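Read through the structure below, which is laid out as structure tokens, and then see the notes.
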Amino acid sequence: MSQQDRKHSSTYITRLICSLLVMAEPTWTLRFKNHNITVLLLVSPVEPFDSIKATLLKALQNRGIKEINGQVVPDDAADIEFGAPLDRNNLEKGWLPLAIPDGRADKGTGKGKSTVFNSSPQGADLRDAQAVAFRFRKASERSAVKDGDLEMDLDDPGWDVLVPSYDDEEDENE
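By UniProt numbering, the letter at position 39 of the sequence shown is numbered 39, and the numbering carries on one by one without gaps.
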């Protein structure tokens, strides 16, 4: 192979790699937290939450996790509920359930609401490397959704997420 051929081949390979990088779909790392467990998943910002729930469930099952702090890991990904932090920079402030649409279209006239909102991490205003709480709830235990508003769920058990604190380590060393 002549030097000229090598130069053209090298240029072609460089262009091919650059075009593949441009075409590659961006991925985010989301930190799914429950009690003292954190699962890192690489997801597309536009991937539906139903698919992310299935991936999270598969990751838990592959690691042999049968329960987390007394809560049995479900067999159905639909029994997983996600929560977004009230404050991205201070997870101790608490969590709000992500209102994820169930995909059913409402019947009626007029302009429909966007189905993209809250159906993906980007639509739910999440960011790359953000923490997302998860918990296990049966369909009968979930909050009812009426007219787009969440009803108050008085039996809501809350979110069991332990946030590490450096203050605890300092107290133990003294």
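Here a beta-carbon is modelled for each residue, glycine too, at the ideal position from N, C-alpha and C.
Owing to the predicted nature of the structure, the values given are computational and were not obtained by experimental measurement.
Measuring only the C-alpha atoms, how far is residue i from residue j?
i, j, result
"Val-73", "Ile-80", "9 angstroms"
"Thr-27", "Val-46", "9 angstroms"
"Ala-78", "Arg-88", "25 angstroms"
"Phe-82", "Ser-165", "23 angstroms"
"Gln-122", "Lys-53", "15 angstroms"
"Asp-76", "Leu-57", "8 angstroms"
"Thr-29", "Asn-62", "19 angstroms"
"Asp-156", "Asn-90", "22 angstroms"
"Lys-93", "Lys-33", "15 angstroms"
"Val-43", "Phe-134", "16 angstroms"
"Leu-60", "Leu-162", "18 angstroms"
"Arg-127", "Glu-25", "16 angstroms"
"Gly-108", "Thr-55", "Residue placement at Gly-108 is flagged as unreliable, the pLDDT there being 47, under the threshold of 50; the coordinate-derived value follows with that caveat. Cα-Cα distance, rounded: 34 angstroms."
"Arg-137", "Pro-85", "19 angstroms"
I'd like the span of the beta strand (DSSP E) that includes residue i, first residue to last.
i, result
"Asn-34", "28 to 34"
"Arg-135", "131 to 136"
"Ser-86", "Per the sequence shown, the amino acid found at residue 86 is Leu instead of Ser. Element bounds for Leu-86: n/a, residue is neither H nor E."
"Val-163", "Element bounds for Val-163: n/a, residue is neither H nor E."
"Pro-97", "95 to 97"
CB-CB under 8 angstroms to residue i, same chain, minus the five flanking residues each way: which ones, in chain order?
i, result
"Arg-31", "Thr-38, Val-39, Leu-40, Ala-129, Gln-130, Ala-131 and Val-132"
"Gly-110", "Residue placement at Gly-110 cannot be trusted, given a pLDDT of 49 that sits under 50; what the coordinates show is reported in the next sentence. Here the set comprises nothing."
Output needed for residue i: all residues of its chain with C-beta closer than 7 angstroms, excluding positions within five of it in sequence on either side, in chain order.
i, result
"Asn-118", "Leu-98, Ala-99, Ile-100, Pro-101 and Ala-124"
"Asn-69", "His-35 and Asp-160"
"Pro-48", "Ser-119 and Ser-120"
Considering just the uninterrupted stretch of the alpha helix (DSSP H) at residue i, what are its terminal residues?
i, result
"Ala-59", "49 to 62"
Going along the chain, which residues of its own chain have a beta-carbon closer than 6 angstroms to the beta-carbon of residue i, five neighbours each way excluded?
i, result
"Asp-149", "Unreliable placement is indicated for Asp-149, whose pLDDT of 48 sits below 50; the coordinate value is still reported in the next sentence. Cβ within range, chain order: n/a, list empty."
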